[in-house]
Amino acid sequence: MIRRIDVLSYNNALRQLSPMWKSSFAALMFLLSYTVHPVLQLVITLWMMSWCILHAKIPYRAYGLLFGTALLFYCLSVPALLVEFGHPAAGEAGIFRISGPPLPVYITAAGLERAGELLARVSACMSCFFFLMFTTPFSELLQVLRRLRMPQIVLELMLIMYRFLFLLNDAAHGLMLARRLRGGRRGYKARLQETAAMTAALFGNTMHRYYGLSQGLLTRGFTGEIILPPYTARPVPRRYAVRAYAGIAVLALAQLWLWLRG
Numbered sequence: 032m033i034r035r036i037d038v039l040s041y042n043n044a045l046r047q048l049s050p051m052w053k054s055s056f057a058a059l060m061f062l063l064s065y066t067v068h069p070v071l072q073l074v075i076t077l078w079m080m081s082w083c084i085l086h087a088k089i090p091y092r093a094y095g096l097l098f099g100t101a102l103l104f105y106c107l108s109v110p111a112l113l114v115e116f117g118h119p120a121a122g123e124a125g126i127f128r129i130s131g132p133p134l135p136v137y138i139t140a141a142g143l144e145r146a147g148e149l150l151a152r153v154s155a156c157m158s159c160f161f162f163l164m165f166t167t168p169f170s171e172l173l174q175v176l177r178r179l180r181m182p183q184i185v186l187e188l189m190l191i192m193y194r195f196l197f198l199l200n201d202a203a204h205g206l207m208l209a210r211r212l213r214g215g216r217r218g219y220k221a222r223l224q225e226t227a228a229m230t231a232a233l234f235g236n237t238m239h240r241y242y243g244l245s246q247g248l249l250t251r252g253f254t255g256e257i258i259l260p261p262y263t264a265r266p267v268p269r270r271y272a273v274r275a276y277a278g279i280a281v282l283a284l285a286q287l288w289l290w291l292r293g
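The following block contains the structure:
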């Protein structure tokens, strides 16, 4: 999936927009996503999805697959938000209750409300991250961070770790392909042993390729600092700027109206 994201970030319809503008827009929308009403958070989610799918021309399947995969981590936390053990407190009626276990298990309306609010916030924040991830290549993000005075050592570590992800992906893909060609092993115990062996082989193979990467940097004249290409400012078409600023203004006014009303 990381290769698909990298390809889409270089070949989307918003590729030529200023990376600083896209980063500022995503950061501002993230702050709004964290603070506004849950209804407006759902609006932000749909709006940022439209920026990726309609404006940037990101395929529905790629966006939906990544968004759904990220929501799996939210689903893992839902039981901790919903399920209560013991007896409901005074004035707190459980809408679903199981009295069979030693401690009664129940779900309250307050738990459902918390889970819904968290889902709206997580979806809105993720949509802002996905907008920046799908529309801006990693190299341009490093240029933006450098322009924001990020320490050079942090940028170099980020660049090396990003490259290391591709090495790890290639090594894992090669091992999985070799396993399939050899037929693999059958049985639960045999698969566990094979998985442990593949993990050890993956670590050794990846470290070997990382050593090759470091040797390649030295042979190319690495002197302790990776020189990043200079930041190049690019204009933002007026139609995109008007849509972005108008949307932010509408969201801010809607949140102000909800505050005054509540």
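32 is the number of the first residue of the sequence shown in the numbering used here; add one for each residue after it. Just so it is clear, CB atoms sit at the ideal spot from N, CA and C, and this is done for glycine as well.
Bounding residues of the beta strand (DSSP E) (the contiguous stretch that carries residue i)
i	result
Pro137	Before going on, a small fix: residue 137 reads as Tyr here, not Pro. Tyr137 -> beta strand (DSSP E) spans 136–139.
Under 9 angstroms between C-beta atoms of residue i and residue j
i	j	result
Pro50	Tyr262	yes
Leu186	Leu259	yes
Ala294	Leu39	Beyond the ends of the chain as shown, which are 32 and 293, falls residue 294; an answer cannot be given.
Ala57	Phe160	yes
Ala146	Leu107	no
Met189	Leu176	yes
Rounded Cβ spacing between residue i and residue j (contact assumed at less than 8 angstroms)
i	j	result
Ala101	Met157	5 angstroms
Trp78	Gly278	6 angstroms
Leu63	Leu282	6 angstroms
Met32	Leu97	7 angstroms
Boundaries (first-last residue) of the alpha helix (DSSP H) holding residue i
i	result
Pro69	69–81
Tyr262	Run containing Tyr262: none; DSSP gives neither H nor E here.
Met32	It is not in any alpha helix (DSSP H) - Met32 carries neither H nor E in the DSSP assignment.
Lys88	Per DSSP, Lys88 belongs to no alpha helix (DSSP H) and is neither H nor E.
Val267	Neither: Val267 is in no alpha helix (DSSP H) and is coded neither H nor E.
Leu45	Looking at the DSSP string, Leu45 is not in any alpha helix (DSSP H), and its letter there is neither H nor E.
Arg177	169–178
Alpha-carbon to alpha-carbon, residue j and residue i
i	j	result
Ala275	Gln246	45 angstroms
Ala272	Arg178	21 angstroms
Ile191	Ser170	12 angstroms
Leu143	Ala155	18 angstroms
Glu85	Leu196	The question names Glu, but residue 85 in the sequence shown is Leu. Each residue's Cα considered, the two are about 29 angstroms apart.
Val136	Leu59	41 angstroms
Gly99	Tyr105	10 angstroms
Gly243	Gly95	36 angstroms
Tyr41	Ala264	17 angstroms
Arg34	Asn200	9 angstroms
Thr139	Trp82	37 angstroms
Arg270	Ala280	15 angstroms
Tyr65	Ile89	25 angstroms
Leu291	Pro268	35 angstroms
Ser54	Tyr91	22 angstroms
Leu36	Ile75	Residue identity differs from the one stated: residue 36 is Ile in this sequence, not Leu. Distance between the alpha carbons of Ile36 and Ile75 is about 22 angstroms.
Leu208	Met238	19 angstroms
Met181	Ala141	42 angstroms
Glu115	Arg251	60 angstroms
Ala285	Pro266	30 angstroms
Gln174	Val109	38 angstroms
Gln183	Met80	33 angstroms
Checklist entry - Does the pairing of the segment 63–77 with the segment 145–163 give three or more beta-carbon distances under 8 angstroms? => result yes
Checklist entry - Pairing CB atoms from the segment 40–48 with CB atoms from the segment 165–174, are three or more of them under 8 angstroms? => result yes
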